Amino acid sequence: MGGTMGWHLLRGWTVLVYLFMFLPVAVVVLLSFNASQFGAFPMTGFSFRWFVELAQNEAILRAFRTSVTLGVMTAAISTTLGVLASLAMVRYRVPGSNYISTLLIAPILVPEVVLAVALLLFLNFLGINKSFTLLLFGHVIFTLPFVILVVQARLISIKRDIEEAAMSLGASPRQTFFQITLPLMLPAVLAGALFALTISFDDITGTLFWKPGGVETVPTQIFAMLRNSISPEINALGTVMIVLTVGLPLLGLAIARTLSQKRGI
Amino acid sequence: MSSVHLNNIVKRFGAVTAVHSTSLEIPEGAFVTLLGPSGCGKTTNLRMIAGLLDPTEGEILIGGKRVNDVPIHKRNLGLVFQNYALFPHKTVADNVAFGLKYRDVPSDDIATKVQDALELVQLPDVGDRYPKELSGGQQQRIALARAIVIEPDVLLLDEPLSALDANLREDMRVELKRIQERIGVTTVFVTHDQSEALAMSDQIVVMSDGRVEQVGAPEEVYNTPASEFVANFLGASNILAARCTRRGPEGVDIEAPTFGKLTVPAEKAPNLGSEGPAKLVIRAEKLLVSRDEAPEGVLSVPATIEAVDYQGQAVRYFVRADDTQLQAINMIDQHPFATGDAINLHLRPIDCAALPGD
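Order-wise, the sequence lines are chains A and B.
If you're matching positions, the first sequence starts at -13 in the working numbering and goes up one per residue.
If you're matching positions, the second sequence starts at 38 in the working numbering and goes up one per residue.
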């Protein structure tokens, strides 16, 4: 039967595509537990030694701390700005809000390299040197659209009536925000913050342009290490990165889901 | 409890005027309904009283005090919305208690007041549940409990029954009226449903195109419409172009097509002058379709039935007498007349009303 044949082909092809996408990741994870000192097959035994070495590598630890600090600060600033911008655009009639919205979303549409160079040139023009603040600034610009997209969508679904009811009962606009609006959009706010955190943690293009000398994030550190040699440590680091960037959003999703179930939203 | 006054209120949105100069007086403790089709400005008026919209011109007074510059959260109003607007992340008890937290109510009293309010709306056992676990009718009762537990000066109801099923709507209508009478709060009710307005109100304010068409008690608005719009909007009416020939102390003589000369009681033609063009208003249910001769003092006109709209306990006939098409709504015992039947239309002149003509 031709139909069944077609389905088999399609199924096979799908499997191949998934293998192509995930096999390299699986190889990295597998090799990170390889006891051999060469980061390649055949595996010679199961060992945590590369993770231990990773934990003792001062440069990597420093990069890791930088990445976490940068990610957390980016998430905090982006989320705050994103929530405020979404509130302004959804709840108030701001003149030209369509243009502002497009402008805030634009960093997603512009190729990252262009954005990176543009910001760098602009700050050069202003005579400002590269610094951690600049790096943070760049990451905020780059993650803000994701926060706005998620939070805005949620805010639109929260009926204005509910806030009006709260105010009619005596809550001031500020109390209404903290008692009603914020709790109702909390899942979206958390999702936005996680987005910002993981995107910042993963970013390499912008970071390479913006980071001041001597400062390394985990991705730039890996990049630098790869230029010298392929150490099995990188496999271990890759595994850690995968766990973090896949695990965090999953965790966030789970938290958001339980929250919204408990709250009956 | 407080009275509400609107003094020459105007509301414009850009170039559009939603409410033309409107003055209204809502007495303390009254149940007043703003009735009209969508876009007539009734909700705009309600939102201005609530403080959700600022009037472009004019003054709003609640309890004799000007509130134009008082923000909504300081007006002490109870507000109930069409879609309930309960806080989905709070339990029913927390929803009802919400307004009390912003008032100087000791926390021990809050629980008592919440329970009293839940009992008043006949849902004493749902305090621990979340709004989504309740049916639409139950949610609306909770919304009502939340609005009245704060002992508001004015209760504002924005189409609170429109989202409910037909049967439930009628139950809630009775319920809502019972609760309002029990607590005696001044109530402004907005609806487009004439039967709700007629059943519940002390006073009806009929609105159209941002203007007040008529203010009056339900039977007054129904029996003596002040304009063609009111006559058509409340119930079904036949409106015939006619002439007024004389205004006497006991009645107004009208000459109408098909029905000829008749005398309408003076109080049912308050706005009509002595002579000139007029409109004769005949309520569809005042026109009796019959095979018999009319008794003394009742007009009778031969007519033919053109269409029959059977409604169970009542039937709506579309009939033609001479060149005039009329509708009649009659209660029926058994079988309605059939299309094509030749019948007589009976009409008592005292059931008619008259308006000034164009």
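In this text, a Cβ means the ideal position worked out from N, Cα and C, and glycines have one as well.
Owing to the predicted nature of the structure, the values given are computational and were not obtained by experimental measurement.
So, using beta-carbon positions, are residue i and residue j closer together than 8 Å?
i	j	result
residue 382(B)	residue 340(B)	yes
residue 88(B)	residue 185(B)	no
residue 39(B)	residue 190(B)	yes
residue 298(B)	residue 394(B)	no
residue 222(A)	residue 36(A)	yes
residue 279(B)	residue 293(B)	yes
residue 124(B)	residue 166(A)	yes
residue 29(A)	residue 22(A)	yes
residue 14(A)	residue 224(A)	yes
residue 171(B)	residue 158(B)	no
residue 396(B)	residue 233(B)	This structure cannot settle anything about residue 396(B), because the visible part of chain B is limited to 38 through 395.
residue 100(A)	residue 138(A)	no
residue 182(A)	residue 65(A)	yes
residue 242(B)	residue 61(B)	yes
residue 168(B)	residue 132(B)	yes
residue 246(B)	residue 77(B)	yes
residue 262(B)	residue 254(B)	no
Taking only three categories from DSSP, how would you classify residue i?
i	result
residue 237(A)	helix
residue 355(B)	strand
residue 113(B)	coil
residue -6(A)	helix
residue 277(B)	strand
residue 48(B)	strand
residue 137(A)	helix
residue 254(A)	Not covered by the structure: residue 254(A). The range shown for chain A is -13 to 251.
residue 375(B)	coil
residue 54(B)	strand
residue 308(B)	coil
residue 251(A)	Since pLDDT at residue 251(A) reaches only 47, below the 50 mark, its modelled position is unreliable, and the value read off the structure follows with that caveat. Three-state DSSP puts residue 251(A) in coil, outside helix and strand.
residue 84(A)	helix
residue 26(B)	Given that chain B is displayed from residue 38 to residue 395, the structure contains no residue 26(B) and the question cannot be resolved.
residue 343(B)	strand
residue 146(A)	helix
residue 118(A)	helix
residue 242(A)	helix
residue 365(B)	strand
residue 5(A)	helix
residue 282(B)	strand
residue 393(B)	strand
residue 262(B)	coil
residue 57(A)	helix
residue 314(B)	strand
residue 34(A)	coil
residue 27(A)	coil
residue 69(A)	helix
Give the residues of chain A in contact with residue i, contact being defined as C-beta atoms less than 9 Å apart.
i	result
residue 110(B)	152, 153, 154, 155, 156, 157, 158, 159, 161 and 162
residue 139(B)	155, 156, 157, 158 and 161
Could you list which residues in chain A have their beta carbon closer than 7 Å to that of residue i, in chain order?
i	result
residue 114(B)	154
residue 164(B)	Correct list: empty, because the minimum Cβ distance to chain A is about 14 Å.
residue 87(B)	154
residue 50(B)	Under the 7 Å cutoff, chain A gives no residues; its nearest Cβ is about 11 Å from residue 50(B).
residue 136(B)	155 and 156
Which bits of chain B does residue i rub up against, with CB to CB less than 9 Å?
i	result
residue 105(A)	Within 9 Å Cβ-Cβ: nothing; residue 105(A) doesn't reach chain B, min ~40 Å.
By DSSP's criteria, residue i is part of a beta bridge. Which residues make up the other side?
i	result
residue 384(B)	336(B)
residue 41(B)	63(B) and 99(B)
residue 298(B)	292(B)
residue 68(B)	224(B)
residue 327(B)	381(B)
Kindly list, in the order they appear in chain B, the residues whose Cβ is closer than 7 Å to that of residue i.
i	result
residue 147(A)	118, 120 and 122
residue 166(A)	124
Which chain B residues are close to residue i, counting only those with a beta carbon under 8 Å from its beta carbon?
i	result
residue 169(A)	126
Using a C-beta to C-beta distance shorter than 8 Å, which residues of chain A count as neighbours of residue i?
i	result
residue 226(B)	Going along chain A, no residue has its Cβ under 8 Å from residue 226(B), so there is no contact; the nearest lies around 16 Å.
residue 187(B)	155 and 156
Do residue i and the ligand FMN come close, with the Cβ less than 7 Å from some heavy atom?
i	result
residue 134(B)	The ligand FMN is not among the ligands present in this structure, which contains no ligands whatsoever.
For chain E, check one thing: does any of its Cβ atoms lie closer than 8 Å to the Cβ of residue i?
i	result
residue 252(B)	Among the protein chains in the structure shown, which are A and B, there is no chain E.
>> Please give me, in chain order, every unbroken run of the alpha helix (DSSP H) with length at least 4 that falls completely inside the region 187 to 222 of chain A.
In response: 191 to 196 and 204 to 214
> What runs of the alpha helix (DSSP H), each 4 residues or longer, lie entirely inside the region 75 to 133 of chain B?
Replying inline: 79 to 87
> Taking only runs of the beta strand (DSSP E) that begin and end inside the region 138 to 200 of chain B, which ones reach a length of at least 3 residues, in chain order?
Replying inline: 191 to 195
>> At 3 residues or longer, what runs of the beta strand (DSSP E) sit wholly inside the region 226 to 253 of chain B?
In response: 240 to 245 and 248 to 253
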